[in-house]
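With our numbering applied, the sequence shown covers 25 to 318.
The structure appears right after this line, and notes come after that.
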Amino acid sequence: MIVIAGASGFVGGHLVDNLLSAGSDFSCLARSETASNALLSKGCRVVRGDITRPDTLDGILHQGDFVIHLVGILEEKGPATFQTVHVNGTKSLVAEAKRAGVRHFFYQSALGADSGSWSGYLRTKAEAENIVKQSGIPCTIFRPSLIIGPWDGFTRKLADMIKLSPVLPLPGKGEAKFQPVYIKDWLRCIRRVIDDPEGFSGTYEIGGPEYLTYREIVEHLSNAMGYRKPVFSIPMGFVKLGTSVLNRFMPSPLVTTDQLRLLEQDNIGARDAIELNFGFTPKRFDDMLKEFVR
Ligand SMILES: NC(=O)c1ccc[n+]([C@@H]2O[C@H](COP(=O)([O-])OP(=O)(O)OC[C@H]3O[C@@H](n4cnc5c(N)ncnc54)[C@H](OP(=O)(O)O)[C@@H]3O)[C@@H](O)[C@H]2O)c1
């Protein structure tokens, strides 16, 4: 049986729909009643559990299961820190997987994961990768760049900003490069892993076929939405100061300083990684947007 942790998120939701339409047998780990009800109403099998609470994971996995671990956070909130979710949570899920004797463990890391990184997100993603690799369970790790598609948080936030603002505000110069990959291409890759786990053991970078700067991403999205607005670059120091003041008054941060720093550094891998490893050419950014941006 395939068991998906993180099924209620953006990537997990697309995977669930894909597996449902293929008639695959799978179940989802849900930590909240809301997530559980939403998955049940789609027709999924659900088990309840929170990866940061090991006691809730007892007995959720079975011998021969294929675990797909998509749980991750972009910002820390209360007890949900990068350490508790990415590192301790992965440790607990891997321990349950070992106890049960699962046949394969898939972990969704991130492009740029590095145990020496200044970014808590990227550092703990690398630590989680090591936990999975050292478990002795046959495993596959994806390191995706920005995943783009309907309901993705990144495009949604940018689209709201493009609609509401008279100009396109850019934190800093927006020159850092990214390699957006379409959710449907990510799905094609994971389907290959599900169909042939032994053939895809190891770590794979998952990125689109082109490098785009943050500025280009904003401009292309704005064009796809039919807006022609001038770009307005705001010095990064000013943005960081402004957000740290604003965040004090917000229930959850608009954007964290870590996220702003991530916008200042390239996040790219080999442009032909998908083609070489999975045998198809992923979509370009403009072609992705044509499929779902109105
Ligand atoms: N989206 C991207 O562009 C991108 C790029 C590279 C890597 N990734 C990685 O891909 C994965 C999925 O990303 P996403 O965009 O789908 O994220 P997302 O929409 O925020 O979904 C995160 C999922 O994790 C679940 N979760 C969070 N804390 C949990 C816990 N303690 N126990 C159990 N489940 C928990 C959430 O469940 P609730 O519904 O209960 O909150 C949700 O289902 C993450 O690991 C992310 O780091 C994403």
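Ideal placement from N, C-alpha and C gives every residue a C-beta, glycine not left out.
Nothing here was measured: the structure is a model prediction, and the numbers come from that model.
Asked, Found
"With three or more C-beta pairs closer than 8 Å as the rule, is the region 144–158 touching the region 178–187?", "no"
"Would you decide whether Trp210 is buried or exposed? Buried here means 16 or more other CB atoms lie within 10 Å of its CB.", "buried"
"Check whether the region 60–71 and the region 90–99 are in contact - that is, three or more C-beta pairs closer than 8 Å.", "no"
"Check this for me: beta carbons of Leu117 and Leu81, under 8 Å apart or not?", "yes"
"Go through the region 236–275 residue by residue and report every complete run of the alpha helix (DSSP H) that reaches 4 residues or more, in order.", "238–248, 260–271"
"From the DSSP output, in three-state form, read off Gly113 for me.", "helix"
"Suppose only complete runs of 3+ residues qualify. What are the beta strand (DSSP E) ranges in the region 31–95, listed by chain order?", "50–54, 69–72, 90–93"
"From the DSSP output, read off the bridge partner residues of Pro221.", "For Pro221, which the question treats as bridged, DSSP gives no partner whatsoever."
"Kindly list the residues whose CB is nearer than 8 Å to the CB of Ala121, restricted to its own chain and excluding five residues on each side of it in sequence; keep chain order.", "Leu85, Asp89, Val91, Phe129, Ser159, Ile161"
"In this structure, how does DSSP classify Val27 when only helix, strand and coil are distinguished?", "strand"
"Name the residue from Gly47, Phe202, Gly73 whose alpha carbon lies nearest to the alpha carbon of Pro233.", "Phe202"
"Under 7 Å: does the beta carbon of Asp74 sit that close to some heavy atom of ligand 1?", "yes"
"Quick one: using the 10 Å Cβ neighbour count with 16 as the cut-off for buried, is Glu222 buried or exposed?", "exposed"
"Tell me which residues share the same chain as Gly113 and place their Cβ nearer than 7 Å to its Cβ, disregarding the 5 neighbours each side in the sequence.", "Ile75, Thr76, Val95"
"Is Ile161 helix, strand or coil by DSSP?", "coil"
"Can you tell me the Cα-Cα spacing of Leu170 and Thr179, whole angstroms?", "10 Å"
"Is it the case that the CB of Ala150 approaches a heavy atom of ligand 1 more closely than 7 Å?", "no"
"Output the residue ranges of the alpha helix (DSSP H) runs that lie fully inside the region 181–223 and measure 4 residues or longer, sorted by chain position.", "207–219"
"Near Val156, what residues of its chain come up, given a Cβ to Cβ distance below 7 Å and the 5 sequence neighbours on each side ignored?", "Thr114, Val118, Phe129, Tyr131, Cys163, Ile165"
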